[in-house]
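Take the sequence shown: its position 23, counted from the start at 1, is 17 in my numbering, and no numbers get skipped. Ideal Cβ placement from N, Cα and C applies to all residues, glycine included. Keep in mind the model is a prediction, meaning the values are calculated, not measured. Just below is one structure, and these are the notes that go with it.
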Amino acid sequence: TMQSLPESAKHIADSAQEVLENAEKARQTTDETAAKISELSTHANRISEILETIRDIADRSDLLALNASLEATRAGEAGRAFSLVAAEMRRLAETVTDAVQVVKGLVSDVRGSGAESVVAIEDNRKLVESTTESSRQIGLVTHQQQAVTEQVSQSMRDIARVIRQSVSATQQTRTSAEILTKEAEMLAALVGRTGPD
-5 TMQSLPESAK HIADSAQEVL ENAEKARQTT DETAAKISEL STHANRISEI
45 LETIRDIADR SDLLALNASL EATRAGEAGR AFSLVAAEMR RLAETVTDAV
95 QVVKGLVSDV RGSGAESVVA IEDNRKLVES TTESSRQIGL VTHQQQAVTE
145 QVSQSMRDIA RVIRQSVSAT QQTRTSAEIL TKEAEMLAAL VGRTGPD
């Protein structure tokens, strides 16, 4: 059992090291993902700025189309074709304004998803850091356990050696006692034969 404990501790230490390496990879991936989301947020802000420019252009085009329509009306029959072009420009400006609103909604959704992703990534980062720290602690405790187990194993080997020496000494004592008993019996027999006569 004592010999199997260091092997088990080593297996646990190896597993903890593997978990630590995976956790560190996950942390790196989490950091890269956070950077990409930050980049998306920057792009979303830039798109919003561009949309404002497009909306301004559409508003100006609408105003120009209105002015052109008024001028076409003043021009009478000669401005009729110009009036048709002005009306088409107004429809185009309205279409662009509607499209800008749709894109703004999509950009807002992207920002919302980005914010939710940032929260999820932060939660994931905390989990990864906790896992990393736990893996380090497991590795540290397992290494300590290996050292203690090795010390216990050495103590058990020392105890076994002392027991073997004790058994050997006991056997020597028994052998010596048996020899002494035989010699005492022989001495008693000799004393009995040379008795009081």
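- By the neighbour-count criterion, in which 16 or more other beta carbons inside 10 Å mark a residue as buried, ALA69 falls on the exposed side.
- Taking the Cα of ARG119 as reference, the smallest distance to any Cα among GLU1, PRO0 and LYS19 is reached at LYS19.
- Distance between THR126 and THR143, taken at the CA atoms: about 25 Å.
- Cβ atoms of ALA7 and THR136 come within 8 Å of each other, at about 4 Å.
- SER42 places its beta carbon less than 7 Å from that of VAL101.
- In this structure, ALA87 sits near SER55, with a CB-CB distance shorter than 7 Å.
- A distance of 7 Å or more separates the beta carbons of VAL94 and ILE51.
- Note that the C-beta distance between THR24 and VAL122 is below 7 Å.
- Taken atom to atom, the span from the alpha-carbon of SER129 to that of GLU12 is near 9 Å.
- With respect to the 7 Å criterion, LEU34 and GLY108 are classified as neighbours on the basis of their beta carbons.
- Distance from the CA atom of ALA59 to the CA atom of ARG85, rounded to whole angstroms, is 9 Å.
- ALA72 counts as exposed, since fewer than 16 other beta carbons sit within 10 angstroms of its beta carbon.
- For GLU110, the uninterrupted alpha helix (DSSP H) segment begins and ends at 74 to 187.
- Rounded to whole angstroms, the gap between the alpha carbons of GLN145 and ASP152 is 10 Å.
- Note that the C-beta distance between GLN140 and PRO0 is below 7 Å.
- The beta-carbon distance between GLY133 and LEU14, rounded to whole angstroms, is 7 Å. This is short enough to meet the 8 Å contact definition.
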